[in-house]
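Below is one structure, written out as structure tokens, with a few remarks after it.
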Amino acid sequence: MDTVFFVFEILGVIAFSLSGALTAMKKEMDIFGACVLGMTTAIGGGIIRDLILGVTPPVAFVNPMHAVLGLAIPALTYLPKIQKFFARNKHRVQALSLMIADSVGLGVFTVVGVNACFENLESPNFFTAVFLGVITGVGGGVLRDVFSMNLPKIFVKHFYACASIAGAIVAFVLEKYFDTPLLASISGAAVVITLRFLASFLRWNLPKPKYPVEEETQK
764 MDTVFFVFEI
774 LGVIAFSLSG
784 ALTAMKKEMD
794 IFGACVLGMT
804 TAIGGGIIRD
814 LILGVTPPVA
824 FVNPMHAVLG
834 LAIPALTYLP
844 KIQKFFARNK
854 HRVQALSLMI
864 ADSVGLGVFT
874 VVGVNACFEN
884 LESPNFFTAV
894 FLGVITGVGG
904 GVLRDVFSMN
914 LPKIFVKHFY
924 ACASIAGAIV
934 AFVLEKYFDT
944 PLLASISGAA
954 VVITLRFLAS
964 FLRWNLPKPK
974 YPVEEETQK
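The C-terminal residue of the sequence shown carries number 982 in the working numbering, and the numbering is unbroken.
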């Protein structure tokens with residue numbers, strides 16, 4: 764069981780570090796910027812979660828494997844052949860790759876956060892588990908967007924945080940009431956990834972103001 768969850772975490776780290784690297788590529792950052800963005804996306808949410816749970820030092824500093832992967836994946840994406848591939852298919856492939864990597868990372872880290880709640884608290888309640896799942900899922904992405912001077916996706920785009928909430932709820936219910944941690948994690952991640960894919964391809968978005976208030980220009 765521990766091996767399965769370890770593989771889950773590694774998959775999430777790879778997906779999120781790749782999304783950080785692709786964002787850096789889109790912003791035309793150098794390889795150092797890509798590595799920083801990739802590592803931040805990969806371990807940022809987990810560090811926030813551990814600090815809330817009182818796990819000090821955070822797991823990312825005890826076991827540096829996640830941070831190393833978060834640096835290695837962006838570095839690999841800056842290899843000349845990979846750069847040429849993305850340059851030839853700049854908009855279509857970059858956008859699709861970023862969406863897939865971001866969705867997989869979000870789904871995996873959402874259920875990792877819920878699972879961490881069960882591991883560190885004797886009797887986790889619904890709010891705590893879902894909150895920590897969402898924080899773990901979206902935390903790294905928020906930092907990535909802020910560092911790259913983008914408005915965080917959770918506020919504007921494609922049903923992002925709502926997908927994480929739905930997956931966290933599924934994972935919590937299955938683990939709490941049916942005592943099936945593995946099924947809970949797989950099902951929760953699948954819900955998040957499916958909702959993100961549907962939201963992206965069907966252009967689902969939460970309601971926004973129809974007539975945004977324009978800032979008054981100074982006279």
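Glycine residues also receive a C-beta, built at the ideal position from the N, C-alpha and C atoms. Source: prediction; values computed, not measured.
Whose CA, out of the options, lies closest to the CA of residue i?
| i | options | result |
| --- | --- | --- |
| Arg812 | Gly896, Ile956, Ile917 | Gly896 |
| Ile794 | Val933, Phe918, Thr840 | Thr840 |
| Ala924 | Leu969, Pro827, Leu937 | Leu969 |
| Met912 | Gly775, Phe768, Leu800, Val776 | Leu800 |
| His950 | Val936, Ala962, Leu961, Ser963 | Here the sequence assigns Ser to residue 950, which means His is not the residue at that position. Per the Cα distances, Val936. |
| Ala787 | Ala835, Leu958, Ala962, Asp908 | Asp908 |
| Leu859 | Leu781, Phe824, Val893 | Leu781 |
| Ala953 | Ile810, Val875, Val825 | Val875 |
| Ala835 | Pro821, Pro843, Ile777, Lys790 | Ile777 |
| Val955 | Gln846, Gly900, Lys844, Met828 | Gly900 |
| Pro763 | His829, Ile810, Met828 | Any question about residue 763 goes unanswered here, given that the chain covers just 764 to 982. |
Given a threshold of 16 other Cβ atoms within 10 Å of its Cβ, counted over all protein chains shown, does residue i qualify as buried or as exposed?
| i | result |
| --- | --- |
| Gly817 | exposed |
| Arg851 | exposed |
| Ser886 | exposed |
| Arg966 | exposed |
| Phe941 | exposed |
| Met802 | buried |
| Ile845 | exposed |
| Glu791 | exposed |
| Pro944 | buried |
I think residue i touches residue j, with their Cβ atoms under 8 angstroms apart; what is that distance to the nearest whole Å?
| i | j | result |
| --- | --- | --- |
| Gly808 | Gly903 | 4 angstroms |
| Ala934 | Val877 | 4 angstroms |
| Pro843 | Cys798 | About 17 angstroms; that fails the 8 angstroms criterion. |
Using the Cα positions of residue i and residue j, report the straight-line distance between them to the nearest angstrom.
| i | j | result |
| --- | --- | --- |
| Thr891 | Cys880 | 8 angstroms |
| Thr980 | Phe918 | For Thr980, the predicted structure reports a pLDDT of 49, less than 50, and the residue's modelled location is therefore unreliable. The matter cannot be settled from this model. |
| Phe960 | Ser866 | 7 angstroms |
| Ile806 | Lys971 | 31 angstroms |
| Val831 | Phe964 | 33 angstroms |
| Phe910 | Glu938 | 35 angstroms |
| Thr766 | Lys973 | 49 angstroms |
| Ala864 | Leu884 | 30 angstroms |
| Ala823 | Ile815 | 14 angstroms |
According to DSSP, simplified to helix, strand and coil, what is residue i?
| i | result |
| --- | --- |
| Gly809 | helix |
| Val856 | helix |
| Gly817 | coil |
| Pro944 | helix |
| Phe890 | helix |
| Ile878 | A small fix is needed here, since residue 878 is Asn in this sequence, not Ile. Asn878 falls in the helix class under three-state DSSP. |
| Asn883 | helix |
| Lys982 | Confidence at Lys982 is low in this model, with a pLDDT of 45, below 50, so the placement of that residue is unreliable and no value is reported for it. |
| Met912 | coil |
Sorry if obvious, but does the Cβ on residue i come closer than 7 angstroms to a heavy atom of the ligand NAP?
| i | result |
| --- | --- |
| Ile917 | The ligand NAP is absent from the structure shown, which contains no ligands of any kind. |
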